[in-house]
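So the protein sequences, as listed, match chains A and B. Going by full-length UniProt numbering, the first sequence runs without a break in its numbering and finishes at 687. Going by full-length UniProt numbering, the second sequence runs without a break in its numbering and finishes at 687. Backbone N, C-alpha and C fix where the C-beta goes; we use that ideal spot for every residue, glycine too. Quantities reported herein were computed from a predicted structural model and do not represent experimental measurements.
Protein chains: 2
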Amino acid sequence: MVSLTGRLRALLMAVGLAQASLPALAETPAKVVATVASPAGNLAVRVELDGEGRPAYAVTRRGAEVIAPSRLGFLFTDAPKMERGFTLAGQSSRTVDETWEQPWGEWRTIANHFNELRVRLKEKAGAARELDVVFRVYDDGVGFRYEFPDQPQLKTARIADELTEFAVVRTGEAWWTPAGEWDSYEYIYNHTPLAELGQAHTPLTIRTDDGTHIALHEAALVDYAGMWVRRVDGQRLKATLSPSPIGARVVRQAPFTTPWRTMIFADSAGGLYQSHLELNLNEPNALGDVSWVKPEKFVGVWWEMHLGSASWATGRKHGATTANVRKHIDFAAANGIGGVLVEGWNVGWDGQWFGNGNDFDFRKPTPDLDWAGMAAYARSKGVNLIGHHETGGSVSHYESQLDAALDYAQGLGIPAIKTGYVTDDGDIERVEPDGTRLREWHDGQWMSRHYLRVVTEAAKRHIAIDSHEPIKDTGLRRTYPNWVAREGARGMEYNAWGDPKNPPNHEATLAFTRMLSGPFDFTPGVVSLTGKDNSRIPSTLAKQLALYVVLYSPVQMLADLPENYAKYSDALAFIKAVPVDWSDTRVLNGEVGQYATFARKDRHGEDWYLGSVGDDQPRTMTVTLDFLDAGRDYTARIYRDGPNADWHTDGHPMTVETRTVHQGDTLTLPLARGGGAAVQLVAGKGH
Amino acid sequence: MVSLTGRLRALLMAVGLAQASLPALAETPAKVVATVASPAGNLAVRVELDGEGRPAYAVTRRGAEVIAPSRLGFLFTDAPKMERGFTLAGQSSRTVDETWEQPWGEWRTIANHFNELRVRLKEKAGAARELDVVFRVYDDGVGFRYEFPDQPQLKTARIADELTEFAVVRTGEAWWTPAGEWDSYEYIYNHTPLAELGQAHTPLTIRTDDGTHIALHEAALVDYAGMWVRRVDGQRLKATLSPSPIGARVVRQAPFTTPWRTMIFADSAGGLYQSHLELNLNEPNALGDVSWVKPEKFVGVWWEMHLGSASWATGRKHGATTANVRKHIDFAAANGIGGVLVEGWNVGWDGQWFGNGNDFDFRKPTPDLDWAGMAAYARSKGVNLIGHHETGGSVSHYESQLDAALDYAQGLGIPAIKTGYVTDDGDIERVEPDGTRLREWHDGQWMSRHYLRVVTEAAKRHIAIDSHEPIKDTGLRRTYPNWVAREGARGMEYNAWGDPKNPPNHEATLAFTRMLSGPFDFTPGVVSLTGKDNSRIPSTLAKQLALYVVLYSPVQMLADLPENYAKYSDALAFIKAVPVDWSDTRVLNGEVGQYATFARKDRHGEDWYLGSVGDDQPRTMTVTLDFLDAGRDYTARIYRDGPNADWHTDGHPMTVETRTVHQGDTLTLPLARGGGAAVQLVAGKGH
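Have a look at this one:
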């Protein structure tokens, strides 16, 4: 930028324009035009305009700059870019301090306390366009978004790219997955120096060399393209938007707002998780009464397909037969499990469906499945079926059936649907009204609309949505609480057939990366610890239990085959007991990619649950139970790795012990290689 | 990719498709389907297909892999991507061994000796599209391109992006400028570990940790978007195409070919420069007799604008007045300089023209300039005027005048035009026939067509083109020899007003980065060593002379004010003598960003010239004159840094000495800080 500045300045001065049309162009340093601090004052944002009228923001934390002056602005496909030549046309500020309640979640109540600064920028020349930038500064993070006012000179914004920067001041390390390659979030996380960051998805987790943890992400991604970030030089990161086949990556009519660009700052990995910035920056519940959205555990006709012993396609190996679905319903009912997912229930799986889902029909069960009968049978047992809508990436084909497909599910009393978008890179099929076939990315603007359309149409029918191969989570569950979970990272399925499988530290990485965005339908609980071809899963049995606490979702699968749970009754006891809805959550310790210990309190009771996961080395977790009620007895049922547990040899040894504990007691939990620990803390009477 | 492979494999096997539609899908390693070695056998390319039918190429050098298996393929905006599911439908090979002659250049004759491999890939399913990949393997490099055959299932290719990879095997360092930021090549070069490469322009110069030098670039960029490369992980680089406002970055009708993707491999920086790969991969001269293209030196009404003492705009400071142009013509004629560049000669400079050149008229001189009269006056003195077409980025406006503007120049006998495209990022104005205004990048497909259109239209009128703010050079001067030079990096102008100026090692970096692409109108010869506001230029006087040899162009400016040359008559003597057209070139030594010594032989005589440039530390260059004719006397006139020369204090001290030298003699050239040396070797009689 220095060079551009120099060049323009010189050229303009040479041609005698400096004084005429750009009076601020003299060699003045950037001028601070507005500032805002967080309620407690530890975070502050300043907005500057430099000599060319280029706006930038910077962030200080406890008085030290953490984000250096970082560019703001847009390129358009059909208009001059909006990035310099601005003057400050106005500013305003306000404070909000409120709490609100989640219908389900990790915390029952959420405090929302921020100071807001709105700056209105106006171009000094040319079309004199206006652009607002709104900053909300919390004690643990900053969100800002652009607002395009209604203005005759910019009715339709055709955004070629966004110029937003995040200039991290200190060197550090980063945990990230690549963006713009395979169109997916399903990568093993890279852990590199920040200076080796490529083009990355968010949430992007950074730890700078002074121990500060930073998470970059976005909130309320609605009718806009997903933001990727790319390192430009040093630790200066730049936003770039997910591609579009139509030129502009975003087309919107003014007035409109962009998603929030978010930065959480914390002294620890756990501090990032404890922030409510993402949820707070989303709009309140737009659906009214959502008591029909039920957190639940579920089993599924699913893992056997990943093992290769059953198939989605019809024929000899077809998994979704009446008999097999009935077996799963019976298992669920017998164990108090609320749902049964059935994949391969509908026609369309018999061809080459991935990336080509035009044969799918979401109203036609396969001939060997009495789908309506099973829905009724499930209801009679107090269980519900979970439908599955795999699109194979043929999204327009799916949309053409969407209303009817949802009506059909509603008619059968199916209250939740898992969707799927398995396809190749940038190869989502969009068919235009004139028949033109376009290829979209999972996180482009068109798909951001699609995912939300499915959710809102489903909401009308009281159906919850669990999106696989989704657009990333940006906290929209606050506004649309029937969007209960997403995939959006490597789940358990990679432990069935992955080459490689998820590494032993995968979950300790997820806890402070992917999980910052929202619920993950990871599908834990493979108690057999066995994947395809008898391959060993990089986990101990105790760790499988811990995952129910560490990796939050309001819908949690018992991913293994029903017959395997019979073999591990201790494990099943914990899984049956562990809630899926919480009133409180504490991160007791954690280092990204090394270990993570979470405690959560049952939303519907006084019990706490604790989960701890490690990596590929033995560890000892020492946790202090200071979150328990003072003076109350708790019966701690501890599921920990047995003396010889080691995922490399045998992850099954698990020691289960029971003791009475109190507030302030210390628990020492040994974690094996690939290990974990789970603790149920049953509240007794108070004193 | 591993993860995708695993996922698809498992899913496909699970749904029973593996054996049916994708027989090669079993867990087989990639299979080598074709190989080709260079004529001497030191470089070899192999083409593989992996279990999913994904094609890749790899390169070995002296038996060791230098480029690991690297992906090939395309994303489209309106069709499934083309990247896997391929089978080998055929292959053929041939050898070419020829020499050809440049009409002007660094070398008179160019050897073109390669082995070619053509593989035809065909999709096994779906549309069964075909794609050829053609490899040309030289002893010093590899070029490959894609060829889209004429096929009913792919008439129009709308390319969303190219998936080509360059997976560098070894770690190393890289010299690069960022792509996708400020839409310009005018950056100070980054020198970083290869693992810290961002998104970069080409030529991209890499030195791996075993000393191998690699240059990645492209050749024959015609009707296609420029290729940027981005590091994906490790040392794996990926092509991405310059953006477009219309969705597809490239739209072409089949049959068509892409530009060549090129890799030069050498043991030294100089080895990269000595490769003729780029030129060889361009098509032969398409213009027939080009004797009208005359290499020449030129002066200009130019530096004074950059100093701020004159202006492009009319008024008191206007530079392009009749009197000032006449002064320059007289200076040129008196010193045997062929051309006089005049900037600011036409109307349109009086408003805010940068990024908004719609006021420019290329047929209307300013009222204070007798342009036609000066053209005639110049001719009478044996000098020619060089016109200037600054577009301010309003390219459609320029195109609407192009034919008339070139006719006008031709009518005045103006044989060369410097074009200009000063504008903001991604902000080139393209106006569609329906009036829609779109914003283009300098190196997008639309601009690639524009630059070449200017060149071919100029050629019809026997006008040479020197493009500033150009699309990067990819060797098209071979096909269009009237495209004599380009800018495309930071030139001398930054030493007038840059903040910062070009660093002292800039030219030693350029020599092995930018200069690998072709002639650079750097505009050397600022003998005053003084920029705007009496600022000091990071160079000695001797280095200014060296630049005429080191930084090749068939058009070389005497960039300084005429009056300054009178003060430095020794320097002027060298500048007057140094040719601009060569029959041979040798890189005598060089390390990227440290030093570079070039020897070139006059195309029209037996004399050699030598130039050496350093960086910000004193150096001693020892060069052996083994390129001279055996047994011949040469009078060496040596222009070297004087004992107290140092750009930080005074770069002017220069020692000029004359000695007689012979083949095999050693010259010791001391380089000051920011220094250089130039040597004229006048051939005497042979023995």
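In the DSSP assignment, residue 94 of chain B falls within the unbroken beta strand (DSSP E) covering 86-101.
Comparing C-alpha distances from residue 395 of chain A to each of A:409, A:339, A:345, A:469 shows the shortest one belongs to A:469.
Unbroken alpha helix (DSSP H) runs of no fewer than 4 residues, entirely contained in the stretch 55-89 of chain A, are not found.
For residue 673 of chain B, no alpha helix (DSSP H) run applies, since DSSP gives it neither H nor E. In the same chain as residue 155 of chain B, and ignoring 5 residues on each side of it, the C-beta atoms closer than 8 Å to its own belong to 253, 254, in chain order.
Nearest Cα to residue 214 of chain B within the set B:227, B:194, B:221: B:194.
For the pair of segments examined, the stretch 659-668 of chain B was found to touch the stretch 631-638 of chain B: the number of CB pairs separated by less than 8 Å reaches three.
With respect to residue 282 of chain A, residue 219 of chain A sits close: the two C-beta atoms are nearer than 8 Å. The C-alpha of residue 43 of chain B lies about 27 Å from the C-alpha of residue 196 of chain B.
Residues of chain A whose Cβ lies closer than 8 Å to the Cβ of residue 427 of chain B are, in chain order, 75, 80, 81.
With respect to the 8 Å criterion, residue 80 of chain B and residue 30 of chain B are not classified as neighbours on the basis of their beta carbons. Burial is judged here by how many other beta carbons sit within 10 angstroms of a residue's own beta carbon; residue 533 of chain B has fewer than 16 and is exposed.
Counting only runs of 3 or more residues that sit fully inside the stretch 137-225 of chain B, the beta strand (DSSP E) segments are 141-148, 156-162, 165-168, 172-176, 190-193, 204-208, 213-219, in chain order. Counting along the chain, the unbroken alpha helix (DSSP H) around residue 407 of chain A starts and ends at 395-412. Among the CB atoms of chain B, none fall inside 8 Å of the CB of residue 534 of chain A.
By the Cβ-count criterion, residue 325 of chain B is buried, with 16 or more other Cβ atoms from all chains shown falling within 10 Å of its own Cβ.
Here the alpha carbon of residue 500 of chain B sits roughly 12 Å from the alpha carbon of residue 493 of chain B.
For residue 510 of chain A, the three-state secondary structure derived from DSSP is helix. Ranked by how close their Cα comes to the Cα of residue 486 of chain B, the residues B:417, B:427, B:71 have B:417 in first place.
Here the stretch 510-529 of chain B lies against the stretch 583-601 of chain B, with 3 or more beta-carbon pairs under 8 Å apart. A Cβ-Cβ contact shorter than 8 Å links residue 279 of chain A with residue 475 of chain A. Taking 8 Å as the CB threshold, residue 43 of chain B stays off the interface with chain A. Around the beta carbon of residue 111 of chain A, a 10 Å sphere encloses fewer than 16 other beta carbons of the protein chains shown; the residue is thus reported as exposed. With a cut-off of 8 Å on Cβ pairs, the stretch 216-235 of chain A is not in contact with the stretch 111-124 of chain A, counting fewer than three such pairs.
The DSSP-derived three-state label of residue 575 of chain A is helix.
Residue burial is scored here from C-beta neighbours: residue 178 of chain B has at least 16 other C-beta atoms within 10 angstroms and is therefore classed as buried. Counting of Cβ neighbours within 10 angstroms places residue 238 of chain A among the buried residues, the total reaching 16 or more. Look at residue 637 of chain B: its C-beta is not under 8 Å from any C-beta on chain A. Beyond the five residues adjoining it in sequence on each side, residue 229 of chain B comes within less than 7 Å, by CB distance, of 166, 200, 202, 204, 216, 237, 238, 239 in the same chain, given in chain order. By the beta-carbon neighbour count (other beta carbons within 10 angstroms, threshold 16), residue 506 of chain A is buried.
Any Cβ of chain A closer than 8 Å to the Cβ of residue 178 of chain B would place that residue at the interface, and such an atom is present. Around the Cβ of residue 644 of chain B, a 10 Å sphere holds fewer than 16 other Cβ atoms; the residue is exposed. Nearest CB-CB separation between residue 230 of chain B and chain A: below the 8 Å threshold.
Residue 488 of chain A has a beta carbon lying at 8 Å or more from every beta carbon in chain B.
For residue 245 of chain B, the nearest beta carbon of chain A is closer than 8 Å to its own beta carbon. In this structure, the beta-carbon distance from residue 621 of chain A to residue 669 of chain A falls below 8 Å.
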